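> Okay, so the sequence shown: first residue is -6 according to my numbering, each after it adds one.
Here it is, the structure in full.
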Amino acid sequence: MIARRWIPICLFQRRDVAQFGFLIWVSVAALLAVPQQSRADLGAVVAEGAAGAQFVRVRIEPFPPREGRAFLTVSAQNPNTGRPDPEATGSLTLSKPHSTNAHSQHGLHHAPLQITLDPSQSRHPGLLGAVVDLTETGTWSAELRFPGGSALDVLRFQLDVGSRQDPWIEYARAFSIPAFGTVIFFWHQRRVLRRKPSPRDP
-6 MIARRWIPIC LFQRRDVAQF GFLIWVSVAA LLAVPQQSRA DLGAVVAEGA AGAQFVRVRI
54 EPFPPREGRA FLTVSAQNPN TGRPDPEATG SLTLSKPHST NAHSQHGLHH APLQITLDPS
114 QSRHPGLLGA VVDLTETGTW SAELRFPGGS ALDVLRFQLD VGSRQDPWIE YARAFSIPAF
174 GTVIFFWHQR RVLRRKPSPR DP
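Take a look at the structure:
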């Protein structure tokens, strides 16, 4: 009985084992590739640190940020409880790329954007949020403030905004590996069926 159980395993050729291992590798790569693109749509943390009495974590959706509309989510944690403060309010100042306090090379002054962080704009309950229009590519400068803080109680960070890209390109990259794995699977099954002897053969 024991010998019969091991007979099917002995019938496998080394080539079959290598192809089966390759299929497993492709499947694992597909499982790792799709969640990576999914996390891109959910956003990522771009800054964290202290702003006055609050510990702040800033998340932007989608990530990486591109030219167009983006969603900012700000978590302001109470230092005493370590939990998000539902009563916290804040403001965000965004400066466009190449904007300075002086006039630009074209003789125009780019005024920074003043954005109020509102819980109603957040996609996550209990957190602050805002919708921003990133109209230019480049490095944006951001300053986050909370009421009652001094001029030094500011969290500064930067946003590297890329050019606009069609969503189907991102999803095509995410599903290219699973599609390739499916093609390899059917190709392997077709070869296996060709090697099997026909029931009519002697």
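Built from N, CA and C at the ideal position, the CB exists for glycine as well.
Since the structure is predicted, the reported quantities are computational estimates derived from the model, not experimental observations.
Could you check which residue in Leu110, Leu85, Gln47 has the C-alpha nearest to that of Asn73?
Position 80 of the sequence shown, counting from 1, holds the residue named residue 73. For Asn73, the nearest C-alpha among the options comes from Gln47.
> Alpha carbons only, please: which of Val38, Gly45, Ala63 is nearest the one belonging to Val154?
The residue given as residue 154 occupies position 161 in the sequence shown. Checked all of Val38, Gly45, Ala63; the closest Cα to Val154 is Ala63.
> Starting from Val38, follow its DSSP beta bridges and name the residues at the other end.
By 1-based counting over the sequence shown, the position of residue 38 is 45. Paired residues: Arg52.
> When the Cα of Gln114 is compared with those of Arg184, Thr66, Leu137, which residue comes out closest?
Here residue 114 corresponds to residue number 121 of the sequence shown, with the count starting at 1. For Gln114, the closest alpha carbon among the candidates Arg184, Thr66, Leu137 is that of Thr66.
> Report yes if the CB atom of Leu87 is closer than 9 Å to the CB atom of Val125, and no otherwise.
Taking the sequence shown and counting its residues from 1, the one referred to as residue 87 is at position 94. Taking the sequence shown and counting its residues from 1, the one referred to as residue 125 is at position 132. In contact: Leu87 and Val125 (Cβ atoms closer than 9 Å).
> Leaving aside the five residues before and after Gly61 along the sequence, list all residues of the same chain whose C-beta is less than 6 Å from its C-beta, in chain order.
Along the sequence shown, one-based indexing puts residue 61 at 68. The answer, listed in chain order, is Arg157.
> Can you tell me where the beta strand (DSSP E) holding Gly131 begins and where it ends?
Locating residue 131 in the sequence shown gives position 138, where the first residue counts as 1. Note, Gly131: beta strand (DSSP E), 131 to 138.
> Count the other CB atoms within 10 Å of the CB of Arg52; is the residue buried (16 or more) or exposed (fewer)?
Taking the sequence shown and counting its residues from 1, the one referred to as residue 52 is at position 59. It counts as buried.
> Going by other Cβ atoms of all chains shown within 10 Å of its Cβ, with 16 needed for buried, is Gly83 buried or exposed?
Here residue 83 corresponds to residue number 90 of the sequence shown, with the count starting at 1. That one is buried.
> Check the DSSP bridge columns for Gly83 and list the partner residues they point to.
Against the sequence shown, residue 83 aligns to sequence position 90. DSSP lists Leu110 as partners of Gly83.
> Under the DSSP definition of a beta bridge, which residues are partnered with Asp146?
If you number the sequence shown from 1, residue 146 lands on position 153. BP columns for Asp146 are empty, so no partner.
> Note down, in chain order, each residue of its chain lying with its Cβ closer than 8 Å to the Cβ of Leu186, except the 5 sequence neighbours on either side.
Here the question's residue 186 lines up with position 193 in the sequence shown. Counting only Cβ-Cβ distances below 8 Å, and skipping sequence neighbours, we find nothing.
> Mapping the DSSP letters down to three states, classify Ala46 as helix, strand or coil.
On the sequence shown, position 53 is the one that residue 46 refers to. Coil.
> In angstroms, rounded to a whole number, what distance separates the CA positions of Arg188 and Phe178?
As a first step, residue 188 is located in the sequence shown; it is residue number 195 there, counting from the start. As a first step, residue 178 is located in the sequence shown; it is residue number 185 there, counting from the start. Cα to Cα, the separation comes out at about 16 Å.
> In the DSSP assignment, the beta strand (DSSP E) including Gly122 goes from what residue to what residue?
To locate residue 122, count along the sequence shown from 1; it is residue 129. Here the beta strand (DSSP E) through Gly122 covers 121 to 127.
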